[in-house]
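Trainee: Got a structure for you, questions after.
Protein chains: 2
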Amino acid sequence: MTNDCRLCPMKTKATSMLSDCSLDQLSNNHLELKLQKGDAIIKQGTYSTNVTFLRSGIAKIHLAGPYNEQIVKIAKAPCYLGLPTTFGSKINQYSVTAVSDVEVCYIDLTVFQTILDENKTFTQELIQEFCRNELESFHRCANRTQKMIRGNMADALLDFADNIFKSDSFNLPLSQTEFANLVDTSRESVSRVLSEFEKDGILKITGRKIDILNKKSLVLVSQNG
Amino acid sequence: MTNDCRLCPMKTKATSMLSDCSLDQLSNNHLELKLQKGDAIIKQGTYSTNVTFLRSGIAKIHLAGPYNEQIVKIAKAPCYLGLPTTFGSKINQYSVTAVSDVEVCYIDLTVFQTILDENKTFTQELIQEFCRNELESFHRCANRTQKMIRGNMADALLDFADNIFKSDSFNLPLSQTEFANLVDTSRESVSRVLSEFEKDGILKITGRKIDILNKKSLVLVSQNG
DNA sequence: ATTATTTTGTGATATTCATCACAATGACTA
DNA sequence: TAGTCATTGTGATGAATATCACAAAATAAT
Chain L
4 MTNDCRLCPM KTKATSMLSD CSLDQLSNNH LELKLQKGDA IIKQGTYSTN VTFLRSGIAK
64 IHLAGPYNEQ IVKIAKAPCY LGLPTTFGSK INQYSVTAVS DVEVCYIDLT VFQTILDENK
124 TFTQELIQEF CRNELESFHR CANRTQKMIR GNMADALLDF ADNIFKSDSF NLPLSQTEFA
184 NLVDTSRESV SRVLSEFEKD GILKITGRKI DILNKKSLVL VSQNG
Chain C
4 MTNDCRLCPM KTKATSMLSD CSLDQLSNNH LELKLQKGDA IIKQGTYSTN VTFLRSGIAK
64 IHLAGPYNEQ IVKIAKAPCY LGLPTTFGSK INQYSVTAVS DVEVCYIDLT VFQTILDENK
124 TFTQELIQEF CRNELESFHR CANRTQKMIR GNMADALLDF ADNIFKSDSF NLPLSQTEFA
184 NLVDTSRESV SRVLSEFEKD GILKITGRKI DILNKKSLVL VSQNG
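Listed in order, the protein sequences are those of chains L and C. Using this note's numbering, read the first sequence as starting at 4 and increasing by one per residue. Using this note's numbering, read the second sequence as starting at 4 and increasing by one per residue.
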């Protein structure tokens, strides 16, 4: 695999704004790794000295809540991971774990900072990303706390279909326990509701393979429970 | 009241980094207003063309959840309001409403953007603020969804005491209905739990005046319910 | 292949809270 | 001053869902 960021096929919108010169700097100061499903990419509580770029694959962002592990959201390449920690804190405030095989680049923080300083558009893109994330997290939090289980599960399934996999047929990359931590319920409830969805003809479930058979119903459930 | 930002006693850390020149620019391009408790500062769904600076007072940041109004958090001067919307969206994704009498400055967005472009440290401060907010909102969301009513109410009361008023005796600037929207419960539950806290000798409640009598207990409730 | 170990399905029970209902108080208004 | 309207206190009831308890599959390990 090439180590040249100019040739990286996974450039984000933000990165694609960079000059060749900046990209050279990136290339020379990063470490590229392949990790397996289940491997930790970032660990809550440890020191953060890098910016992490998720080159390919899917990861879960999660943290230790007061009682249970909480999966905040699912991240899909290409994207940066752990940026909030990088600028807002020294130690990682959350963990990121691969839920599929992934490729990641660890970029030296000072190099990243330098590039940021020298590229207004890159900075602007990044600020916009932060802002969108914050807005998104407000809405997500309101949904999670107000909707009931069926609504939240429908939301999560639609997110996988529409945003993560862009297909109504996909392999759920989470166990039911993890899924429960994503939608704030118990593992048992996840199992029960999935069965219900199947019985209602909304889903076809084969192991962890999910086919959305009746998307309109699923959207209705998302809206009304 | 002076309209000169150089003399504004409420400058944020970020703003204090600006050169006099930049501050002049600010001074000449903003609108200063006094608003009353209950007045809208930013309205969800409307177009956003300004950056808003909360000069003095307290405001609630809230949005329409799927079923109820959700108060995301309480903001206290000095701070910027609506920045995420400014950069991440064109229309306001949430509302901000004064919960005490407030003074606000509406700053023209393009001027703000220009100043931002010309001041690296200002930009960095802002990015750090975004990041801290995002981390904070992750944790807040995990707490809200996992803790039970008593724990969440204790958290909110401690937030008022420690961060907003910096005193264990304060006037709650919210009705019980609003308080319920802040901690994700029903108004009735808020009433009941407040009574419980009073009966347990944790609080003294006189109308909306709250005295925290036994902070250790309150912290314990926050941790264990 | 044969154990372990993790993951999943499903019933019975218990708990937390929301909702409904209505009285009481307080605040603003005509 | 009375009268409307918003806020608060408190009981009774019901709904949603967590928890407990196993059994059954499915995966991984030896």
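Idealized CB from N, CA, C, for every residue including glycine.
Alpha carbon to alpha carbon, how far is ILE94 of chain L from SER51 of chain L? Give it in angstroms, no decimals.
Mentor: Each residue's Cα considered, the two are about 5 Å apart.
Trainee: In chain order, which alpha helix (DSSP H) runs of at least 4 residues are fully inside the segment 82-119 of chain L?
Mentor: 86-91, all fully within the segment 82-119 of chain L.
Trainee: Let me know the secondary structure DSSP gives ALA183 of chain C once reduced to three states.
Mentor: ALA183 of chain C falls in the helix class under three-state DSSP.
Trainee: From the DSSP output, read off the bridge partner residues of LYS63 of chain C.
Mentor: BP columns for LYS63 of chain C point to C:ILE77 and C:THR100.
Trainee: At a CB distance below 9 Å, what residues from the segment 59-71 of chain C approach chain L? Give them in sequence order.
Mentor: The segment 59-71 of chain C vs chain L, Cβ under 9 Å: ILE64, LEU66, ALA67, GLY68, PRO69, TYR70 and ASN71.
Trainee: If contact is defined by three or more beta carbon pairs under 8 Å, each pair taking one atom from either stretch, is the segment 219-227 of chain C in contact with the segment 190-206 of chain C?
Mentor: Yes, the segment 190-206 of chain C touches the segment 219-227 of chain C.
Trainee: For the alpha helix (DSSP H) containing ALA157 of chain L, name the first residue and the last one.
Mentor: Residues 152-162.
Trainee: From CYS8 of chain L to ASN71 of chain C, what distance separates their C-alpha atoms?
Mentor: Between CYS8 of chain L and ASN71 of chain C, the C-alpha separation is close to 47 Å.
Trainee: With a threshold of 7 Å on Cβ separation, who are the neighbours of LEU86 of chain L within its own chain once the five nearest residues in sequence on each side are excluded?
Mentor: Excluding positions up to five away in sequence, the list reads VAL54.
Trainee: Pull up the CB-CB distance for CYS134 of chain C and PHE56 of chain C, whole angstroms please, since I reckon it's below 8 Å.
Mentor: No, CYS134 of chain C and PHE56 of chain C are not in contact; Cβ-Cβ is about 20 Å, not under 8 Å.
Trainee: Looking at ASN32 of chain C and the ligand MG, is the gap between the Cβ and the nearest heavy atom below 6 Å?
Mentor: Absent from the structure shown: the ligand MG. Ligands present: none.
Trainee: If you draw a straight line from the C-alpha of THR148 of chain C to the C-alpha of CYS144 of chain L, how long is it?
Mentor: The alpha-carbon atoms of THR148 of chain C and CYS144 of chain L are separated by roughly 8 Å.
Trainee: Between which two residues does the alpha helix (DSSP H) carrying LEU175 of chain C extend?
Mentor: LEU175 of chain C -> no alpha helix (DSSP H), and no H or E assigned at all.
Trainee: Using the rule of at least 16 other Cβ atoms within 10 Å of the residue's Cβ for burial, across every protein chain shown, is LYS212 of chain C buried or exposed?
Mentor: Result: exposed.
Trainee: Have a look at the DSSP bridge pairing and note the partners of THR209 of chain L.
Mentor: The partner list for THR209 of chain L (beta bridge, DSSP) reads L:LYS212.
Trainee: Given a limit of 7 Å on CB to CB distance, which residues of the segment 108-125 of chain C reach chain L?
Mentor: So the list reads ASP120 and LYS123, given in the order they occur along the chain.
Trainee: Quick one: is VAL75 of chain L near chain C, going by C-beta distance under 7 Å?
Mentor: For VAL75 of chain L, the answer is yes, since a Cβ of chain C falls inside 7 Å of its Cβ.
Trainee: Should GLN131 of chain L be flagged as near chain C, meaning a C-beta pair shorter than 7 Å?
Mentor: Chain C, which has a Cβ nearer than 7 Å to the Cβ of GLN131 of chain L, makes this yes.
Trainee: Output needed in chain order: residues of the segment 172-186 of chain L with a Cβ under 7 Å from some Cβ in chain C.
Mentor: The residues in question: there are none.
Trainee: Evaluate the contact criterion for the segment 189-204 of chain C versus the segment 102-120 of chain C: three or more CB pairs, one atom per stretch, below 8 Å.
Mentor: No, because fewer than three Cβ pairs between the segment 189-204 of chain C and the segment 102-120 of chain C fall closer than 8 Å, the two stretches do not touch.
Trainee: Counting along the chain, where does the alpha helix (DSSP H) carrying LYS218 of chain C start and finish?
Mentor: Per DSSP, LYS218 of chain C belongs to the alpha helix (DSSP H) from 218-227.
Trainee: Classify LYS219 of chain C: buried if its beta carbon has 16 or more other beta carbons within 10 angstroms, exposed otherwise.
Mentor: It counts as exposed.
Trainee: On the criterion of 16 or more Cβ atoms from any shown chain inside 10 Å, does MET156 of chain C qualify as buried, or is it exposed?
Mentor: So MET156 of chain C ends up on the buried side.
Trainee: Could you confirm whether any beta carbon from chain L is found closer than 7 Å to the beta carbon of PRO81 of chain C?
Mentor: Answer no: the Cβ-Cβ gap between PRO81 of chain C and chain L never drops below 7 Å.
Trainee: Run through DSSP, which three-state label would PHE168 of chain C get?
Mentor: Looking at PHE168 of chain C - three-state DSSP - the assignment turns out to be coil, as it is neither helix nor strand.
Trainee: What do you get for TYR132 of chain L, buried or exposed, if any count of 16 or more other CB atoms within 10 angstroms of its CB means buried?
Mentor: The identity of residue 132 of chain L in the sequence shown is Glu, whereas the question assumes Tyr. With 16 or more Cβ atoms within 10 Å of its Cβ, GLU132 of chain L is classed as buried.
Trainee: In three-state DSSP terms, what is ASN32 of chain C?
Mentor: DSSP places ASN32 of chain C in coil when its eight states are reduced to three.
Trainee: Can you pull the DSSP bridge partners for GLU72 of chain C?
Mentor: Bridge partners of GLU72 of chain C: C:ALA67.
Trainee: Span of the alpha helix (DSSP H) holding ASN122 of chain C?
Mentor: No alpha helix (DSSP H) holds ASN122 of chain C; DSSP gives it neither H nor E.
Trainee: Using a Cβ-Cβ cut-off of 7 Å (strictly less than) and excluding sequence neighbours within five positions of VAL75 of chain L, which residues of its own chain qualify?
Mentor: Excluding sequence neighbours, VAL75 of chain L sits near ILE64, HIS65, LEU66 and TYR97.
Trainee: Would you say GLY91 of chain C faces chain L, with C-beta separation under 7 Å as the test?
Mentor: True, the Cβ-Cβ gap to chain L drops below 7 Å.
Trainee: Mind reading off the beta-carbon distance from ASN32 of chain L to ILE110 of chain L? Whole number of angstroms is fine, and I expect it under 8 Å.
Mentor: With 8 Å as the limit, ASN32 of chain L and ILE110 of chain L qualify as a contact, their Cβ atoms being about 7 Å apart.
Trainee: Closest to ALA101 of chain L by C-alpha separation, out of L:GLU181, L:PHE141 and L:LYS150, would be which residue?
Mentor: The option with the nearest alpha carbon to ALA101 of chain L is L:GLU181.
Trainee: For the alpha helix (DSSP H) that contains ARG9 of chain C, what are its first and last residues?
Mentor: Segment: none, ARG9 of chain C is in no alpha helix (DSSP H) and carries neither H nor E.
Trainee: Could you check whether the Cβ of LYS150 of chain L sits closer than 7 Å to any Cβ belonging to chain C?
Mentor: Yes, its Cβ sits closer than 7 Å to a Cβ of chain C.
Trainee: Could you tell me the distance, in whole angstroms, from the CA atom of PHE173 of chain L to the CA atom of LEU84 of chain C?
Mentor: The straight-line gap from Cα to Cα measures roughly 40 Å.
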